[in-house]
Structures are given as structure tokens and as C-alpha cells.
Amino acid sequence: MFQVAINEWDIPLGSNPLHKVKLPKFNDKRSRRLEPGEFDIITSYCKTRKLAELQNVITLAIETGMRRGELLSVCKEYFNADTRTLYIPITKSGHSRTIPLTSQAAVIVKALNDDQKVYSKSIEGFMSAWQRLIKRTGIVDLRFHDLRHEAISRFFEMGLSVPEVALISGHRDYRMLQRYTHLKAEQVALKLN
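Each residue of the sequence shown is one higher than the one before, starting from 0 at the first, in numbering that gives the first Met the number 0.
What follows is the structure, encoded as C-alpha cells:
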């Protein structure tokens, strides 16, 4: 701000008194994954309140690693049952993609009516429902986007390669994909036997 006042507004301050002050580096790296039992708590909450759509979006998030906007636009029209793939026409990057689905994800999409989206309400309605779920279940510090991290980490734990996971997640930069990967040592240990 001082530099703007000096350079742009011609305010005679001499020099910027904060020119040697360095801003702290912002660390936006999260490594939050589902803790044991949290998915069961979420499922129970949705089941007792008859929130099947919310449960389906959450399950699809974990099974596909799709972004929130991509998930909320999922409809049966884009599902190919023969190849068990889902076409995603609108993505954050602006590039459409087709992703393979797990059998559990395929069951959810296949069960939709022809003109039905996986979630029928607005994005705001979805976020309100998610925040209510987190508050009422007492789950601490879980953001919806953390489910994308969970999914991508699970894909690697299953043994999928970097290009395979990138195909599913839509990452074009493998370094960015690495930020989403938070492997659990216990899962890797099981693969070492």
C-alpha cells in the first residue's frame, strides 16, 4: 500500500517503511482424509434423514474424485453402461473428459431416471446440506473438497498409475496431482507383503 501511495498517488513518503518486511508464505496444503468410521457416520446420518441424493453425491465424490461442480451436473445421459464410463462435459479446466467408474459409482448413476441429476437442488442447497451434516455429526475439519483428496489417495493405494489417476481426476499437471495424494502408511504396508 505504501508503494502504491508513493508511485501512483505521488504522496511524498520518502521510502516504503515496510520494503524489507517479507510476507509469510501461505500454506494451503491440506492432508485431511476420512478417519476410520467417518464415512459410516455420514452414511448413517443420510440414511436416518432420508437424504439419498446427498449420500449419492458424497459416495460419488469418494468413488470418482470428481470436483463438486462436476458431481452436481452428473446425469444418466452421460453414462455409458457398456464401458462403465461417465462423460464430463464441463470441467474446471474447460476440457471435457470421460472417466471410468467403479462398480459402486456405476450403480448410483445407472439408478438415476433419464432426466434426473444426481443432486436435484442448487449448489447452495448442496453446500448448506453438507455443512449441516458436518455440524450435526460432529465431524471435525472435513471440507467437501477433502473427499477429492480421499479419492485420489485411494486410487494410488489401489495401485493405479499416475497417468491412470490423472485420467480420472482430470489433472494435467502431475505435480498438482501429487498435492492431492496423501497415502496412509498402513495401506502401503499391506502391499509390501
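From the three backbone atoms N, C-alpha and C, an ideal C-beta is built for every residue, glycine too.
Check, Outcome
"Compute the Euclidean distance between the alpha carbons of ALA60 and SER14, then round it to the nearest angstrom.", "52 Å"
"Would ILE167 and THR63 be called neighbours here (beta carbons separated by less than 8 Å)?", "yes"
"Please classify MET65 as buried or exposed, where buried requires at least 16 neighbouring CB atoms within 10 angstroms.", "buried"
"Starting from PRO99, follow the beta strand (DSSP E) in both directions and report where the run begins and ends.", "96-99"
"Once DSSP output is grouped into helix, strand and coil, what is the label at ILE87?", "strand"
"Check whether the segment 158-173 and the segment 81-93 touch, using three or more Cβ-Cβ pairs below 8 Å as the test.", "yes"
"May I have the straight-line CA-CA distance separating HIS148 from PRO16, to the nearest angstrom?", "42 Å"
"Can you tell which of LYS21, VAL56 and VAL20 has the C-alpha that lies nearest to the C-alpha of GLY124?", "VAL56"
"When DSSP labels each residue in this structure, what does ASN79 get in the three-state scheme?", "strand"
"Can you give me the C-alpha to C-alpha distance between LEU111 and THR136, rounded to a whole angstrom?", "27 Å"
"State whether the segment 65-84 contacts the segment 100-118, with contact taken as three or more CB pairs (one from each stretch) at a distance under 8 Å.", "yes"
"Only counting runs of 3 or more residues, tell me where the beta strand (DSSP E) segments fall wholly within the segment 139-180, in order along the chain.", "none"
"Could you give the DSSP three-state label for LYS49: helix, strand or coil?", "coil"
"Looking at C-alpha atoms only, which residue of GLU37, ALA165 and VAL106 is the closest neighbour of LYS134?", "GLU37"
"The alpha helix (DSSP H) that contains LEU132, what's its start and end?", "122-136"
"Start and end of the alpha helix (DSSP H) containing ALA104?", "102-109"
"Between LYS46, LYS109 and LEU12, which has its C-alpha nearest THR84's C-alpha?", "LYS109"
"What first and last residue would you give for the alpha helix (DSSP H) that runs through GLU69?", "67-71"
"Please return the same chain residues whose Cβ sits closer than 8 Å to the Cβ of ALA105, not counting the five positions on each side in sequence.", "PHE78, ALA80 and ARG83"
"Going by the beta-carbon positions, is the gap between THR58 and GLN103 smaller than 8 Å?", "yes"
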